[in-house]
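Working notes, beginning with the structure itself.
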Amino acid sequence: MVKETLTVVVSGTEGSIENAGADQVKENLLQLSCHFTWSLLFEDADIPDLEMRISEQIKFLDIMSPVGMHNLRAYVRHLKGQHEEALQSLRKAEALIQEEPLGKKMLVTWGNCAWVHYHMGSLAEAQSYLDKVENTCKESENPFRYRMECAEVHCEEGWALLKCGKKYNRRALACFAKALEAEPENPEYNTGYAVAAYREDNDDNNMSLEPLRKAVRLNLADPYLKVYLALKLQDIGETDEAERHIEEALSSTSCQTYVFRHAAKYYLKKDCIDKALQLLRKALQTSPESGYLHYKIGFCYRQQMIQLKTSRNRQTRRPGSIKELAQRAIFEFQKSVKLRPTFDAAYVCMAETQAEIRQYEEAEANFQIALNMKNLSGHIEQDIHFRYGRYQQFQSEDTAITHYLKGLKIEEKSYAQRKLLTALEKVAERRIQQNDRPVESTSLLGLVHKLRGNMPEAQLYYEQALRLTGEMNPEF
């Protein structure tokens, strides 16, 4: 919390000079480009998980410079009121940055230092860091006094945004794009852009494929990137090339914790659940408090449960009952949300698993937590409405339709949107076949075709709905 009174002893005018000085410093601070001005917002409950993930990256992602994570850790410590600890993190960041012309890589760290000292009431110290930023801007003939539009700053903002959650992925992508305008072949900027593009690649448009290929080419020793590329190649059916990249990544001794967790996703998609679990457990040995890893382990148990449930040949079934596997999955999901209280995917998967073993009250409660979450990306909201609607089709089909429509009101092209359209289409067609509310159902088919861009077909269904209205109400 900012101190309102700063100690400046001037006889007779102490209070007014204090306030004037603080106001001027605050005005200058707001011009900086650093973590304090990037609108990084998260729930208090998410801070322990974020701190854990920052520590993991510093410790395990050894192909990345830890400077940005020390800066982000300082900002998080400030949010907790730990200003001395924040300064310790900033000193580590300063020590790691090697001397470079114009000191551009120091701009974010200096900006953070200025803000922390301001919040501690150290006005002179805050101004000294503002002066450092100002001098660097002057030396660069920068048009702004305290802000420089440069690739180094854009890159650090991009990494901070990526670390702070899915809702920031699009902003991160834009930051790395700006950095690449200045240095198109920079390995780090290409890495950031490729990772952000992969996380935003939710519409089967393969926007991340070429950025990932380029990033791997520029960072041949980076196993972390090779796993991302393998996952994208797997999505488009390039399995031989994907397998080669996975094998190369797993043979590396760098970034193993990160490689294991993402390679597990690759093996899950191959339906090699035992291999995925093996990798996740290895990763868990070094990151036992990772909400993400507990979620993925729970997801593996859920997949085993589905396999067991759908297996026709009982002799080939896995040991253990459906209920036992469901309970294992639920246990891991519960661990996940305890460590990461706003982890939407864990709540939804837990709800679906509970529904499988008829724990409907618990399932409903967890679905409602996910449905009421704020600041989610559009495609994630769409997916939650789709999955809740699918669950409700066996409880209340009207409620299912309501949620399919709520999801479709979110105007974002995505794979989840296409699933919503297909689900709504199937419900409407079945109702028409059963002559169940034909006007409403025909109108829904019109909406489905409209949202798919098939306007002639949409018009036909809307006209048919109008005719049916006339037949049912001849006085009109």
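Read in order, the letters of the sequence shown correspond to residues 204 to 679 in the working numbering.
Note that beta-carbon positions come from the ideal geometry of N, C-alpha and C, so glycine has one too.
Only a predicted model underlies this, so the values are computations on that prediction, with no experimental measurement involved.
Among the options, the one whose alpha carbon lies nearest that of residue i
{"i": "L290", "options": "M267, L264, Y321", "result": "Y321"}
{"i": "R276", "options": "Q620, I572, G306, L243", "result": "L243"}
{"i": "I449", "options": "R621, I613, L432", "result": "L432"}
{"i": "A327", "options": "D249, L608, A225, E446", "result": "A225"}
{"i": "L624", "options": "L647, S236, M323", "result": "L647"}
{"i": "F589", "options": "I572, E564, Y618", "result": "Y618"}
{"i": "Q557", "options": "I509, K622, E413, L365", "result": "I509"}
{"i": "H606", "options": "Y591, Q598, F597", "result": "Y591"}
{"i": "S599", "options": "Q620, E567, E615", "result": "E567"}
{"i": "K609", "options": "S455, L574, V630", "result": "L574"}
{"i": "K229", "options": "Q330, E297, A549", "result": "Q330"}
{"i": "T460", "options": "R256, I439, G306, L611", "result": "R256"}
{"i": "G414", "options": "P426, A424, D406, A399", "result": "Residue 414 is actually Pro in this sequence, not Gly. Comparing Cα-Cα distances from P414 to each of P426, A424, D406, A399, the minimum goes to A399."}
{"i": "E628", "options": "I604, G306, P659, D425", "result": "I604"}
{"i": "A713", "options": "P659, S411, S454, L671", "result": "The requested residue 713 does not occur in the structure, where the chain is confined to residues 204 to 679."}
Near the ligand NAP: residue i beta-carbon under 6 Å from a heavy atom
{"i": "L383", "result": "No copy of the ligand NAP appears in this structure; indeed no ligand is present at all."}
Residue i vs residue j beta-carbon contact at 7 Å
{"i": "H281", "j": "V319", "result": "yes"}
{"i": "I266", "j": "S457", "result": "yes"}
{"i": "A352", "j": "L376", "result": "Here residue 352 turns out to be Glu, not Ala, going by the sequence shown. No, they are not a contact pair."}
{"i": "K181", "j": "V419", "result": "No answer is possible for residue 181: it lies beyond the span of the chain, which begins at 204 and ends at 679."}
{"i": "E451", "j": "G501", "result": "no"}
{"i": "V642", "j": "A626", "result": "no"}
{"i": "K472", "j": "Q437", "result": "yes"}
{"i": "E492", "j": "L542", "result": "yes"}
Proximal residues to residue i (C-beta, below 6 Å), its chain only, five neighbours per side dropped
{"i": "P522", "result": "Note on P522: pLDDT 49, under 50, position unreliable in the model; the coordinate value appears next. No residues qualify anywhere along the chain."}
{"i": "Y278", "result": "H238"}
{"i": "A382", "result": "A354, H357, C358, Y392"}
{"i": "K526", "result": "I560"}
{"i": "Q506", "result": "I476"}
{"i": "H497", "result": "E535, K538, S539"}
{"i": "E360", "result": "W241, C378"}
{"i": "E259", "result": "S490"}
{"i": "S236", "result": "R350, V356"}
Own chain partners of residue i with C-beta closer than 7 Å, once the 5 adjacent residues on each side are dropped
{"i": "F613", "result": "Per the sequence shown, the amino acid found at residue 613 is Ile instead of Phe. Closer than 7 Å at the Cβ level, and outside the excluded window around I613, lie G581, E584, Q585."}
{"i": "W362", "result": "G271, G395"}
{"i": "T602", "result": "Q595"}
{"i": "E444", "result": "L436"}
{"i": "L663", "result": "none"}
{"i": "E615", "result": "G581, H582, Q585"}
8 Å CB neighbourhood of residue i in its chain, flanking five on each side removed
{"i": "I300", "result": "V270, K308, M309, T312"}
{"i": "E246", "result": "P544, T545"}
Q) Which whole runs of the beta strand (DSSP E) in the segment 216-273 are 3 residues long or more, in chain order? A) Counting only runs of 3 or more, we get nothing.
Q: Let me know the alpha helix (DSSP H) ranges lying completely inside the segment 298-352, each 4 residues or longer, listed in chain order.
A: Taken in chain order, the complete alpha helix (DSSP H) segments of 4 residues or longer contained in the segment 298-352 are 310-322, 326-342.
Q) Which ranges does the alpha helix (DSSP H) cover as unbroken runs of at least 4 residues, wholly within the segment 371-434, from first to last along the chain? A) Complete alpha helix (DSSP H) runs here, min 4: 372-385, 390-403, 412-421.
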